[in-house]
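The numbering used here applies: residue -1 is where the sequence shown begins, and numbers increase by one.
C-beta atoms are modelled at their ideal positions from N, C-alpha and C, and glycine is treated no differently.
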Amino acid sequence: MDLGFKIYELRENDFDSQNGALFKEVDKNALLESFRLQDSTPLSVENQTIDLGGYKAIRAGEKLYLLNSGFEMKHLQKLISLIDAQKDFVIKEISYLNDAFESARIREIEEGIKSYSNKKGLKILVRARFA
């Protein structure tokens, strides 16, 4: 019985989550539709692109999807100001694509939303989604 040798090679980590090339636009649309179906969002609810000061998020009803890389604290502040300022802007769940975010950004989002006491009294759930 020959168990042989396996040769492993260590490489430098060259993954850059901020390069934006992780998923093509077609892939993001497919992911978005999959997430919407998992959330039981009716097909009649249209997607709405929300500009968070340069970051494009997708809103479907009371759910907000963060699928692109490049999310920063200023975008979170813009989101919070939109929730407070616009009466018809009601968000009860924020889903982010885990592969597009660094762990520090994920913590900022989760802690920022958790510590945020909005004027509408909304309980906002923050969820990670995986491709």
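Residue 48 holds the alpha-carbon nearest to the alpha-carbon of residue 92 among 7, 84, 52 and 48. Within the same chain, 114 come within 7 Å of residue 78 by CB-CB distance, once the 5 residues on both sides are set aside.
Counting the other Cβ atoms within 10 Å of the Cβ of residue 62 gives 16 or more, which makes it buried. Within the model, the alpha-carbon separation for residue 109 versus residue 36 is close to 25 Å. Per DSSP, reduced to three states, the secondary structure at residue 93 is strand. Pairing residue 8 with residue 70, the inter-Cα distance amounts to about 32 Å. Secondary structure at residue 75: helix, using DSSP grouped into helix, strand and coil.
Membership of residue 112 in the alpha helix (DSSP H) is indicated by the continuous run 101 to 113.
Taking 8 Å as the cut-off, the beta carbon of residue 94 is found no closer than this to the beta carbon of residue 129. Judged by beta-carbon spacing, residue 90 lies within the 8 Å limit of residue 60, meaning their Cβ atoms are closer than that value. Assignment of residue 46 by DSSP, reduced to helix, strand and coil, places it in the strand class.
For residue 35, the secondary structure class from DSSP, reduced to helix, strand or coil, is helix.
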